[in-house]
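Using our numbering, the letters of the sequence shown correspond one by one to residues 126 to 223. Single-structure report; data block below.
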Amino acid sequence: MANRHTAFRRSPFPDESLCRDDRGRQLTDLRARLDDCATSYLTNLGHVDAPARDALAETISGIERLVRPGRAPLNGDLLLWLRFANLVAYAATVPLGR
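Given below as structure tokens:
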């Protein structure tokens, strides 16, 4: 998980010229929230409390709302974020020590 988190942090932010209206702000917020959720998971050695699980679920929903059908320009970045967010959510549900 730590390696995936590092890769997520190193990935470039989506090109803001592809964003319209307040999408740039939404993307910034979602990326920060996803980073916070992953950091919380790693800091607490896999223990995720209810507020962190709720924040992660909201973040996943927020990313899903921005994904568009087909080959939309932002989908490449958003789908990577979504894959990482789902990995964190899955890892948070797996009992420790297994």
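We put the beta carbon where it would ideally sit given N, CA and C, even for glycine.
Check your understanding: Are three or more beta carbon pairs between the segment 135-145 and the segment 171-191 nearer than 8 Å?
Key -> no
**Study point:** Simplified DSSP state of Ser-142, which is helix, strand or coil
**Key:** helix
Exercise for review: Check whether the Cβ atoms of Ala-210 and Leu-170 sit closer than 8 Å, and answer yes or no.
Suggested key: no
Practice item. Excluding the 5 residues preceding and the 5 following Asp-202 in the sequence, name in chain order all residues of the same chain whose CB lies nearer than 7 Å to its CB. Key: Pro-139
Practice item. Grab the span of the alpha helix (DSSP H) containing Arg-134 for me, first residue to last. Key: 127-135
Practice item. With distances taken Cα to Cα, identify the nearest neighbour of His-130 among Glu-183, Asn-200, Arg-156. Key: Arg-156
Check your understanding: According to the neighbour-count rule (16 or more other Cβ atoms, all chains shown, within 10 Å of its Cβ), is Ser-136 buried or exposed?
Key -> exposed
**Study point:** Neighbourhood of Ala-177 by C-beta, 7 Å cutoff - its chain only, sequence neighbours within 5 removed
**Key:** Cys-162, Ser-165
**Study point:** Given Ile-185 as reference, the closest of Leu-152, His-172, Arg-145, Asp-147 once Cα atoms are compared
**Key:** Leu-152
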